[in-house]
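Everything below concerns the one structure shown next.
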Amino acid sequence: MHVLDCDSICCLNNLYGAVNLVLTWRHTIGAKFIMNRIQFSILLLVTLLLSSFSTFGYAAELLPVDLPKAEIIRLGERMYRDGILPSGAPLTAFIRGDVEVDSSAFSCSSCHMRAGLGSVEGGVVTPPTTGNKLYQPYLRPSSLDDIPDRTGRYVYAKTVSERPAYTRDSLATALRFGTDPAGQVFNDVMPRYPLSDSDMSILIAYLEELSSGYSPGATLEVFAFATIITDDVSPADRAALLQPLQTFINGVNEQMDMYDKFIYFNYTPTIDMKNAFRRATLDIWELKGALETWPRQLADYAAKKPVFAVLGGISNRDWQPIHNFCEAQRLPCLFPITDYPVISESSWYSYYFNKGFYQEGEAVARYLNRDSDLPASSRILQIVQDSPAGKTLASGFNTSWSQLEHPDVTSLSFSAQQLRDTTNLYRVIKQYKPAIILLWSDDSPTSELPELLTSLAAPARIFVSSSYLGAKTLSIPDAARAGVFMTYPYRLTPFTGTKEGADSKVPILASAKDFGKRRITTRTITMLMQSALQGLRRLQDNLYRDYMLDVMSMQMDQVSLDYERLSFGPGQRYISKGCYIIQLGKGSEPALIPRSDWVVH
Amino acid sequence: MKKIFCTVRSSFLMILILIALLPVASAQADSKKYKRTVERYSLPDVTLVNQDGKRVRLQTLLSGDAPVVVDFIYGTCTTICPVLSAGYLNLQNKLAAKGLKPRLISITIDPEHDTPYVMKKYLKRYRSRPGWDFLTGSRADIDAVMKGFNAYIPDKMSHYPLNLIRSPIDGKWVRLFGIMSSREFLAEYQSVEEN
């Protein structure tokens, strides 16, 4: 191979182009054309050989595509994230030789993650795929994970221990044929992509841009953070949020002072230490007035001083304008205290503890779906107070009920004043003759519940939300407690500490005293442990917002004081999935009796 | 003239390449990259929930006179699950071409997130054919099933590629650890079917 004259190289380039053409053509034809095994083998063998040629620098040069840069990045991002080719066709690939996969089911970013810095999951170490990293030689640091099964994480596929820097051409070879510049063959879980030159050029241009500059709000010296407080929040709730946040910021900066002293006294830090300490600032973004004005206020704050992430926040109002702003700005907004998270399957930048009131409505739908005494949907009446909470609870129930393939239930909307007038309630009960009422209200008198229950047909049940009723939950008379079921989205089992070990080991038990508590401080501490310990501390010098979200999404399950279990996964943005259906025992300090599992299917 | 010469040389080169690499290719085909054992499992009698929200008794689902394939995946998984699922789909497609419908079961290892709604969407995304069921359930039941298959992992982020094929004749399971080519997967399936 080393003595090839230019004619031979010309021939090889022609051949290489021909193979590309075949692959592109085959791809364009798609499922209509199925190569037989011999044809496929020939292509594979030829391509294997050509890949070794390219290792020696004989491959055709990959030319840039003649499109505006913004368009190249848009098309490249779509290939990387969604597995869609510039032509709009799905990107196909091969795993393990002949397992054909369609990248609309899983794409580059599924494993290499959105920031392109790779992941560790299922014992598979996926290496970084940004231009910054690829165009440098790679040497894997030795690691304790080299010992199999050290933590129960079986390392099935590791990265190579060493490789030279890629070039654009050797990167194209790697993506097509699965060999690195040293000729090492990739693990089988990495698909091989038969891309045309122009598609390859677009994808590589995107990889070169991916995570190429630090995100706003972060430098090697300091992280800028903000928290968001809206003007409806009481001074007490505001203090409950800010206290743990200020403690966190002070702690980080004190650590940095200590580190500076070490340096002053000639201590030589390791690279890990250099990346572990960074100062932090916290701005408070106060939002005032009408919701419509919030985006402008947020934009002004962000323009004045960009931040790396929004650490928590609190509002009693709709969170949607803040959510939209964070999505548009690609700004992580981490675990705010809100009962109205935005319900979305595609939003990326906002993490929530759970879906708030919506999740409680969902829980009732799932619980009823499993009820062996379930009457027809027509016997279920949903009474909705005309309030954000009432509507959100109803929305969660309706969506879930419909997904469970039940016909709609009757929903009636009433003002708080109408609900205080109990004759109104009895009138609709007489009219609809329900067996089950979903009473999404905090204004209908709980003293009437025993009477209401007797007016229902069997099995005579009323469902309420303990979060919405708050402290009023305890005013449900003993006489009604056998027939009243309620949502409870918090931990019921004794809490004895998280895996991080920063908590008391004395079991903390849930009790009726918890009704109405918003758990602002404890949940903000959980947010900080999540964001700071699980996200920020693993960034090293990769100061990219997307990378922090990637890291947070790939962590193991956690326990917390407020929730039974916090669980993660790529794209999962509501980390507490559960909500109990409970009943109250008798008396002023009643037992909380679970009637469902934490998660109902 | 030079062009013709080039074409001839191209063809020659191709033949040369084929000859040179054929022994390598066949040697690679022989060396399995996955681990195969035959096991007998004692499985818990649990009721799980499928992608249609129907409650299904696992033991009923696994019994019958045709092989059953089981794997463990989850809806938002990266790396391994997509590869396993692509393997399932390829097996379905290859057997469908012969008019056969294999019984495939995926069991979630993320039961809190994987609701019937999520699982149904996952199967749709992979364009699965009927005969591939995705099951969820209580965490305790899922843990018991994983333990029953000697496949328990404390956290979904630690999982590994595993396929299990049950023989309808003796109830034994072929345990396949690693990623198989679709040809290997088909051969393993057929070996269970034929024995």
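Chains A and B supply the protein sequences, listed in that same order.
Heads up: take any position in the first sequence, counting from 1, add 1, and you land on the numbering used here.
Heads up: take any position in the second sequence, counting from 1, add 73, and you land on the numbering used here.
Ideal Cβ placement from N, Cα and C applies to all residues, glycine included.
Neighbourhood of residue i by C-beta, 8 Å cutoff - its chain only, sequence neighbours within 5 removed
{"i": "G84 (chain A)", "result": "P91, L92, D103, S104, S105, A106, F107, S108 and C109"}
{"i": "I594 (chain A)", "result": "I583, Q584, L585 and G586"}
{"i": "Y161 (chain B)", "result": "V142, D144, L177, S179, Y199, S201 and W205"}
{"i": "I264 (chain A)", "result": "P270"}
{"i": "T169 (chain B)", "result": "Before going on, a small fix: residue 169 (chain B) reads as Ala here, not Thr. Same-chain partners within the cutoff: R202."}
{"i": "G391 (chain A)", "result": "V385, S414, W441, S442 and Y469"}
{"i": "L196 (chain B)", "result": "Q124, W205 and F207"}
{"i": "R492 (chain A)", "result": "A511, S561, L562, D563, Y564 and E565"}
Cα-Cα separation between residue i and residue j, rounded to whole angstroms
{"i": "D189 (chain A)", "j": "Y199 (chain B)", "result": "19 Å"}
{"i": "V507 (chain A)", "j": "G498 (chain A)", "result": "8 Å"}
{"i": "I488 (chain A)", "j": "S597 (chain A)", "result": "Per the sequence shown, residue 488 (chain A) should be read as Thr rather than Ile. So the alpha carbons of these two residues sit roughly 10 Å apart."}
{"i": "D321 (chain A)", "j": "N355 (chain A)", "result": "At residue 321 (chain A) the sequence reads Gln, which differs from the Asp that was named. Those two C-alpha atoms are separated by around 15 Å."}
{"i": "S388 (chain A)", "j": "P495 (chain A)", "result": "34 Å"}
{"i": "L450 (chain A)", "j": "T523 (chain A)", "result": "33 Å"}
{"i": "T228 (chain A)", "j": "Q247 (chain A)", "result": "11 Å"}
{"i": "Y575 (chain A)", "j": "Y353 (chain A)", "result": "5 Å"}
{"i": "E72 (chain A)", "j": "S120 (chain A)", "result": "28 Å"}
{"i": "A260 (chain B)", "j": "E346 (chain A)", "result": "39 Å"}
{"i": "L98 (chain A)", "j": "S254 (chain B)", "result": "Position check: residue 98 (chain A) holds Gly in this sequence, whereas Leu was assumed. Taking the straight line from one Cα to the other gives about 6 Å."}
{"i": "A219 (chain A)", "j": "I250 (chain A)", "result": "15 Å"}
{"i": "R538 (chain A)", "j": "P245 (chain A)", "result": "18 Å"}
{"i": "N166 (chain B)", "j": "G137 (chain B)", "result": "22 Å"}
{"i": "K518 (chain A)", "j": "G471 (chain A)", "result": "7 Å"}
{"i": "F207 (chain B)", "j": "K289 (chain A)", "result": "48 Å"}
{"i": "E363 (chain A)", "j": "T209 (chain B)", "result": "17 Å"}
{"i": "M530 (chain A)", "j": "M553 (chain A)", "result": "11 Å"}
{"i": "K245 (chain B)", "j": "K193 (chain B)", "result": "29 Å"}
{"i": "P165 (chain A)", "j": "H113 (chain A)", "result": "20 Å"}
{"i": "F516 (chain A)", "j": "T447 (chain A)", "result": "15 Å"}
{"i": "V66 (chain A)", "j": "A173 (chain A)", "result": "14 Å"}
{"i": "D479 (chain A)", "j": "K473 (chain A)", "result": "13 Å"}
{"i": "L134 (chain B)", "j": "P129 (chain A)", "result": "41 Å"}
{"i": "S111 (chain A)", "j": "P376 (chain A)", "result": "43 Å"}
{"i": "G525 (chain A)", "j": "P236 (chain A)", "result": "One detail in the question is off: residue 525 (chain A) reads as Thr in this sequence, not Gly. Whole-angstrom Cα-Cα distance: 16 Å."}
{"i": "R25 (chain B)", "j": "Q263 (chain B)", "result": "Because chain B spans 74 through 268 in this model, residue 25 (chain B) falls outside it and cannot be assessed."}
{"i": "Q419 (chain A)", "j": "L211 (chain A)", "result": "56 Å"}
Same chain only: Cβ atoms within 6 Å of residue i, ignoring 5 sequence neighbours per side
{"i": "R169 (chain A)", "result": "L63 and I205"}
{"i": "R546 (chain A)", "result": "S216 and P333"}
{"i": "K578 (chain A)", "result": "V600"}
{"i": "R212 (chain B)", "result": "P184"}
{"i": "E163 (chain A)", "result": "L140"}
{"i": "D287 (chain A)", "result": "Looking at the sequence itself, residue 287 (chain A) is Glu, so the reference to Asp does not match. Correct list, in chain order: I230."}
Cutoff 7 Å; reference residue i; Cβ partners in own chain excluding five residues on either side
{"i": "A139 (chain B)", "result": "R176 and P241"}
{"i": "R520 (chain A)", "result": "D563"}
{"i": "S396 (chain A)", "result": "Y359 and G362"}
{"i": "K306 (chain A)", "result": "A225 and D284"}
Chain-ordered neighbours of residue i on chain A, where CB pairs are closer than 8 Å
{"i": "R198 (chain B)", "result": "S105 and A106"}
{"i": "K106 (chain B)", "result": "R97 and D189"}
Where residue i meets chain B, residues with beta-carbon distance less than 8 Å
{"i": "V600 (chain A)", "result": "P184, E185, S211 and R212"}
Within chain A, partners of residue i - CB distance below 7 Å
{"i": "A159 (chain B)", "result": "I96, V100 and V102"}
{"i": "N223 (chain B)", "result": "Correct list: empty, because the minimum Cβ distance to chain A is about 13 Å."}
Proximal residues of chain B, C-beta to C-beta of residue i below 9 Å
{"i": "K431 (chain A)", "result": "Within 9 Å Cβ-Cβ: nothing; K431 (chain A) doesn't reach chain B, min ~34 Å."}
{"i": "R566 (chain A)", "result": "E185 and R212"}
{"i": "C112 (chain A)", "result": "T151, T152 and P155"}
{"i": "T127 (chain A)", "result": "T151 and T152"}
Within chain E, partners of residue i - CB distance below 7 Å
{"i": "R256 (chain B)", "result": "Within the model displayed, chain E is absent; protein chains A and B are what it includes."}
Where residue i meets chain A, residues with beta-carbon distance less than 9 Å
{"i": "M230 (chain B)", "result": "V121, E122, G123, R154, M555, Q556, M557, D558, F569 and G570"}
{"i": "P189 (chain B)", "result": "Q404, L405 and H602"}
{"i": "G126 (chain B)", "result": "N370, Q404, L405, E406 and H602"}
Inter-stretch contact (C-beta, 8 Å, three-pair minimum) for the region 226–236 of chain A and the region 125–133 of chain A: The answer is no - the region 125–133 of chain A does not touch the region 226–236 of chain A, with fewer than three Cβ pairs under 8 Å.
Length at least 3, wholly inside the region 189–267 of chain A: the beta strand (DSSP E) runs in chain order: 223–231
contact_flag[the region 75–83 of chain A, the region 193–212 of chain A] where n(CB pairs < 8 Å) is 3 or more: yes
Three CB pairs or more closer than 8 Å across the region 360–368 of chain A and the region 146–154 of chain B: no
Contained beta strand (DSSP E) runs [length at least 3] in the region 183–231 of chain B, N- to C-terminal order: 205–208
Contact the region 194–205 of chain A vs the region 266–276 of chain A: 3+ CB pairs below 8 Å: In short, these stretches do not touch, since the Cβ pair count stays below three.
3 or more residues per run - each beta strand (DSSP E) lying fully within the region 337–394 of chain A: With a minimum length of 3 residues, the continuous beta strand (DSSP E) runs that stay inside the region 337–394 of chain A are 381–386.
Three CB pairs or more closer than 8 Å across the region 414–434 of chain A and the region 213–224 of chain B: no
Any alpha helix (DSSP H) of 4 or more consecutive residues that is wholly inside the region 97–144 of chain A: 109–113 and 132–135
Segments assigned beta strand (DSSP E), at least 3 residues, entirely inside the region 265–294 of chain A: Those beta strand (DSSP E) runs which fall completely within the region 265–294 of chain A and span 3+ residues are 280–288.
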